[in-house]
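In numbering that gives the first Met the number 0, the protein residues as written are 0 to 881.
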Amino acid sequence: MLEKTFSHKEVEEKFRTQWKQSSMGHAHPTSGKKPYVIMMPPPNVTGNLHMGHVIDQSIPDALIRYQRLKGHDCLWLPGTDHASIAVHVLLERQMREEGKTRFDYGREEFLKRAWQWKEQCHSNITNQISRLGIVPDWSRERFTMDESLNRAVIKVFVDLYKKGKIYRAKRLVNWNPLQQSGLSDLEVVSVSTKGSLWHIRYPLTDGTQNIVIATTRPETMLGDTAIAVHPEDARYKHLIGKTVRIPLVGRDIPIIADDYIDRETGSGAMKVTPAHDYNDFALGERHKLPMISIMDLTAHINENAPEKYRGMERFEARKVIVADLEEQGFLEKIEPWTSNIPYDEKTLKVVIEPMLSDQWWCDQPYLAQEAIKAVEDGRIEFVPKSAENTYFAWLKNIQPWCISRQLWWGHQIPAWYGEDGEIFVASTEQEAQALADKHYGKKSTITRDNDVLDTWFSSALWPFSTLGWPDKTVDFDHYYPTTTLSFGADIIFFWVARMIMMGLEFTGKAPFKHVLMHGMVRDEKGQKMSKVKGNVIDPLIIVDEFGADALRFGLIASAPQGRDINIGPPQIEKFRNFLTKIWNAARYMEMNGCTHDKNFNPNTASDPVNRWIINETRKTNLLVQEAAETFRLNDMATTLYQFIWGTFCDWYLELTKPLLAQSSDTTKAETQKTLAWVFSHTLIMLTPLAPFITEELWANFKFSDKLLFEEQWPEFGTPSANDTAVAEIQWLVDVISTIRSLRAELHINPGDKIPLMMKDISPAVKERLDRQRPLIEKLARLSSIDVLTGATPKSSVTALVSDATIILPLEGIVDLKAETERLEKELAKIKDEVQKIDAKLSNEQFVSRAPQEIIEEYKERRQNMLVSESKFDQAFKRLKGV
RNA sequence: GGGCAGUUAGCUUAGCGGUAGAGCGCUACGUUGACAUCGUAGAGGUCACUGGUUCGAUCCCAGUACUGCCCACCA
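Here it is as C-alpha cells:
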C-alpha cells in the first residue's frame with residue numbers, strides 16, 4: 000500500500016544506490032548501439048553545490064536518461080576541474096587567517112595542501128551531485144589534473160609551441176597584485192566607479208608655459224614618457240615636439256601628436272604611461288617611447304620612481320602625490336569623474352594593474368578561424384541559435400590569450416630555460432635537457448618555468464582528453480566526437496569557444512554537434528543570487544524540503560530557451576505539489592485494483608473513455624518526444640504537466656470512477672488495465688525529468704522486472720486522427736463543463752442533483768448521450784437527463800454546447816432575473832461578434848483578396864453565430880413570456 | 001560606444017499573419033472516499049509606443065522608449 004504522500008528522502012537514497020549499480024549507468028562501446036555522448040561541465044573543486052550546478056547537471060542528465068530510453072549507448076562522463084585560481088583564492092585566504100602567505104609555505108607544501116583540499120572537496124561535490132539523482136558513468140570519472148589529462152595538456156602546449164602558436168612575450172598583462180599573477184582578459188571585469196579626474200599642470204622644460212593634462216591615475220605620472228595631443232588641436236599644435244618636465248619627478252618628456260587623442264575629453268592633452276595602461280602602451284609602441292614600470296609585483300612603487308615614493312602602495316602613493324602636487328601648485332583642479340575600474344573576476348575585490356611582464360601567449364586569432372567556420376557551416380549548432388551571434392562576435396575580434404599564471408596549483412608549463420634565458424619547450428625534462436645540450440654544444444643547466452597554465456587551457460581539451468587522447472583508446476575512437484554540450488551562458492567564451500578551437504586543431508573534428516546553452520539561475524524576482532543580497536538558495540535545503548525531483552523538474556520547466564531562469568522556493572513547491580498529485584493518482588489506481596497486464600493491447604480497448612485517453616497518451620508521447628529531440632526541455636516538462644494534471648487526473652480519473660463502480664465486469668477490467676497502461680507510459684515519459692518518484696511508482700506497480708532507469712521508450716506510432724472516441728469525450732467534457740459553469744453562475748447548491756434536458760440533437764448524438772449518460776450525471780451532479788420532445792418549459796435555463804442545446808427546467812429554483820441578465824449578456828456578445836464578421840465580409844477588399852478558405856471560415860462562423868443567436872433569442876422570449 | 005536578447009493578464013511565461021493560451025496568484029463556492037500539497041467556477045489582456053507592408057499585424061519591416069546581458073574601455 001502506498002503511503003499517503005511521497006516521502007522522497009528514503010526513496011532517493013534507495014535508488015541512488017540502485018542506479019549506480021545498474022550496468023545501464025555505464026557506456027558500453029561494444030554494445031553495437033548508437034552512442035550518445037555528453038561530457039559533464041566539470042564543477043570546480045572549490046565549494047558546495049549551488050543552483051547553477053543543479054541546472055548544469057539536470058539538463059544533460061535528463062537528455063541522457065531520455066536517450067538511454069531511446070536505446071542509445073549513452074556516455075555521460077563526469078569529472079571535476081582543478082580551478083587553479085579559485086583554489087588559490089581559497090587556500091590563500093586560509094593562510095592569511097594564519098597570518099601567512101603561500102610564499103611562507105613554498106610550492107611543495109602549498110601543493111600538498113591543495114591536493115588535500117581537492118580530495119576533500121571532490122568527494123563533497125560529487126556526493127552532492129549524486130544527491131540530485133544525477134547518474135553519470137562514474138567508472139570513467141576524470142579530473143583535469145589526472146596524469147593522462149596532464150599528458151594531453153603537455154602535448155597540446157608543445158605542439159602549439161612548435162607551430163609558433165604559443166609563444167613567450169613581454170607585454171602588458173592584467174596583473175593581480177594580491178595573488179601576484181597575470182590574468183586573461185576574460186578574468187577581468189570592469190566596474191563603473193565614481194572617482195576623480197585630476198587636472199595637473201606640466202611645465203614646459205623651457206619654462207615658457209604649462210600644459211594641463213587630466214588623469215584618473217595621478218600616481219602613474221611617475222612613469223610618464225610623453226604627453227600626447229591631437230595633431231590638429233589649435234590649443235597645443237605649436238607645442239608638439241617640445242618637452243615638458245614631469246612635476247615631482249623632474250624628468251623631461253616630449254609632447255607628441257596622435258589621432259587617438261580626443262580633443263573633447265579632459266583637457267585634450269593626455270599623459271602617456273606605456274607601462275601601466277593599455278592605450279598608452281599602444282601609443283608608446285607607435286611612437287617608440289620608453290616604457291618605465293614604476294611598480295613592483297605587489298603594486299608598490301619601485302626604484303624607477305623618485306625616492307620619496309618608493310615602497311608606497313599604489314593608492315597610498317596616489318594620495319601623497321596629489322597632496323604634493325597641490326602643495327607645489329601643480330594641481331589645476333579636481334573634477335568628479337566616473338570611470339571603469341578593472342577588478343579580478345573571481346573576488347571582485349582586487350584592482351587589476353596593467354603590468355609589463357613576460358608571459359606565455361596562445362595565438363587565439365589563428366585558432367579562431369576554423370572555429371568560426373565550424374559554426375558557420377553547421378558542423379556545430381547552437382541552441383538557441385541566437386547564441387551564435389555572441390560566439391561570432393567574440394571570435395571575430397579575438398585577442399591573444401595570456402595562458403601563464405604565476406601560481407602553483409595547475410599544469411606546470413613544460414618550458415625550461417638555459418642559463419642565458421634560452422627557452423626549451425618539451426614534453427619531459429629529459430627531452431628539454433637534450434635540446435639544451437644540443438643548443439649549447441655541451442652539458443648545460445636548465446631550470447623549469449615556475450608558472451602554471453590558465454585553468455581553461457585544460458578545460459579546452461575536456462571533450463577528448465577525458466577519453467584518453469593523445470593515446471589511441473577504444474573510448475576515444477568510439478565516443479569522439481561527442482554529441483551534445485550543455486553549458487551555462489557565462490562560460491561561452493571561457494570554455495565553449497576554446498573547446499571548439501582546440502578540438503578542431505587537435506582532432507580535426509568539432510568536439511560536439513549540438514551546443515545547448517542555458518541561462519543563469521536567478522531568484523524569483525529575477526535578481527542575481529548573491530551572498531550580499533542574501534537571496535542565495537541552497538539546493539540541498541530545497542532537496543530536503545521538496546525533494547530532488549521537484550527541484551529538477553521545476554528548474555527545467557521554468558527555464559525558457561537560453562534565457563535566465565527565475566525561480567524561488569514557491570515555484571519549487573508548486574512542482575512538488577505536482578508530484579504529490581501523481582502520487583495520489585497512483586494511490587487511486589492502487590485502491591481500484593489497477594494492475595499491470597503486459598498482454599493488454601490498447602488497440603483492443605472498446606470503451607470510448609478508454610480509447611480517448613489512450614489516444615491522448617499517444618499524442619502526448621509525440622509532443623514529448625519532439626520537445627526532447629529539439630532540446631526544448633521546458634516544453635517537455637510543461638506538456639507532461641498538462642497531460643498528467645489537466646487530462647489524466649482532472650478528466651480521465653474522474654471519468655473512470657463511475658466506470659469502475661458501476662459498469663460491467665469487462666468494461667471495469669478494461670478500465671483498470673487502461674489506467675495502468677497509461678500510467679506506466681506516463682512514468683517512462685516523465686522519468687528523465689523526475690527520476691525518483693517515477694522509479695518508485697514503477698517498482699510499486701511492478702510494471703517490469705527491470706528498473707525504470709533501464710527501460711525502453713514506448714513507440715506507439717501515430718495516434719489515430721479520427722477515432723470517434725476523441726470527439727465523443729470532447730463533447731462530454733464540453734457538456735459537463737457547461738453545466739458546471741451554469742450551476743456556479745446560477746448559485747445552485749453544489750450538493751443538489753438537478754434534472755437536465757437536451758434538445759436539437761441528432762440520432763448520433765442521442766447515441767452518444769445514451770452511452771455517456773451515467774458519466775455526465777455523475778460529474779455534473781444531475782438527477783436525470785431526458786431528451787426534450789415537447790415544448791420547452793417556460794421557466795428554464797438555456798445553454799448551448801456542441802451538437803446540442805441544454806435546458807435546465809428549474810422553475811422556482813433559479814432566479815429568473817439572473818437568468819435574464821445572463822441571456823442578455825450572451826446575446827450581446829453574439830451580436831457583437833456577428834457585427835465584426837459582417838464588417839469583414841462586406842469589405843470588398845477582404846472578399847476579393849483573402850484566401851477562399853478563410854472567407855468560408857468566416858461565413859461558417861457567422862452561420863453558427865446566427866443559429867446561437869436565434870436559440871438564445873427564443874429562450875429569452877420564453878422567459879419573458881412572449 | 002558596439003552587439004545580443006526582451007517588453008503579452010498582478011507574477012512567470014507560450015504563441016509569431018486570420019476569434020489572445022497556460023501555470024501561479026486572486027475571488028466565490030466546496031469533506032462528491034486518489035489528492036485541501038486538493039476540487040469546481042470566475043474575474044483579469046488597447047499583446048511597450050509610433051509609423052510602414054497587408055484585405056487583415058501580438059506576430060513581418062523601420063524607428064522610439066524602457067529592461068537585462070555581453071563586449072570594448074575617453075585619459
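For glycine and all other residues, C-beta sits at the position ideal for the given N, C-alpha and C.
Under the DSSP definition of a beta bridge, ILE805 partners with MET757 and ALA798. Each of LYS527, GLY525, ASN576 and VAL535 was checked against the Cα of ALA549, and the nearest Cα belongs to ASN576.
Here the segment 45–65 does not lie against the segment 138–145, with fewer than 3 beta-carbon pairs under 8 Å apart. By the neighbour-count definition (other C-beta atoms within 10 Å, threshold 16), ASP704 is an exposed residue. Contact holds between the segment 193–212 and the segment 237–248, because three or more Cβ pairs, one in each stretch, are under 8 Å apart.
The DSSP-derived three-state label of ALA225 is strand. Under the criterion of beta carbons closer than 8 Å, GLU653 and ASP606 do not qualify as touching, at roughly 15 Å. Contact between the segment 539–556 and the segment 587–596 is absent: fewer than 3 CB-CB pairs across the two stretches fall below 8 Å.
Taking LEU515 as reference, the option from ALA585, GLU504 and ALA496 with the minimal CA-CA separation is ALA496.
Restricting attention to alpha helix (DSSP H) runs no shorter than 4 residues, the segment 625–701 encloses them at 632–640, 653–661, 664–685 and 690–699, ordered along the chain. Ranked by Cα distance from ALA779, the first of TYR640, GLU766, LEU807 and THR791 is LEU807.
No Cβ-Cβ contact shorter than 8 Å links ASN565 with VAL349.
If only complete runs of 3 or more residues are kept, the segment 373–436 shows the beta strand (DSSP E) at 380–382, 414–416 and 422–424, in order along the chain.
In terms of Cα proximity to VAL319, the closest of TYR308, PHE329 and GLY328 is TYR308. Judged by DSSP secondary structure, THR125 falls within the alpha helix (DSSP H) whose first and last residues are 106–130. In the three-state scheme derived from DSSP, where H, G and I count as helix and E and B as strand, THR616 is classed as helix.
Judged by DSSP secondary structure, HIS198 falls within the beta strand (DSSP E) whose first and last residues are 187–202. Take the alpha-carbon of VAL786 and the one of THR804: they are about 10 Å apart. The beta-carbon distance between ALA558 and LEU696, rounded to whole angstroms, is 25 Å. This is too long to meet the 8 Å contact definition. Secondary structure note for ALA61: its alpha helix (DSSP H) is the uninterrupted segment 50–68.
Per DSSP, reduced to three states, the secondary structure at THR219 is helical. For LEU781, no alpha helix (DSSP H) run applies; the uninterrupted beta strand (DSSP E) run containing it begins and ends at 781–786, by DSSP. Using a 10 angstroms sphere on the CB of TRP114, the tally of other CB atoms stays under 16, which defines it as exposed. Residues of the same chain with a CB within less than 7 Å of the CB of ASP759, apart from the 5 flanking positions on each side, are ALA803 and THR804 in chain order. In this structure, the beta-carbon distance from THR481 to ILE37 falls below 8 Å. Under the DSSP assignment, TYR342 falls in the beta strand (DSSP E) whose first and last residues are 330–343. In the structure shown, VAL44 falls within a coil segment according to DSSP collapsed to helix, strand and coil. In this structure, DSSP gives MET519 a state outside helix and strand, which the three-state scheme calls coil. Counting of Cβ neighbours within 10 angstroms places LYS618 among the buried residues, the total reaching 16 or more. Membership of ASN173 in the beta strand (DSSP E) is indicated by the continuous run 165–175. Taking C-beta atoms under 8 Å as the contact rule, LEU196 and GLU334 qualify, at a distance of about 4 Å. Within its own chain, the residues whose Cβ lies closer than 8 Å to the Cβ of TRP336, once the five positions on either side in sequence are excluded, are LYS193, GLY194, SER195, LEU196 and THR215, listed in chain order.
Taking a cut-off of 8 Å for Cβ pairs, the segment 682–701 and the segment 7–16 touch, as three or more such pairs fall below it. For ILE252, the enclosing beta strand (DSSP E) begins and ends at 251–256. The segment 427–443 makes no contact with the segment 32–46, as fewer than three CB pairs between them are under 8 Å.
Between GLY567 and ILE536, the C-beta spacing is below 8 Å.
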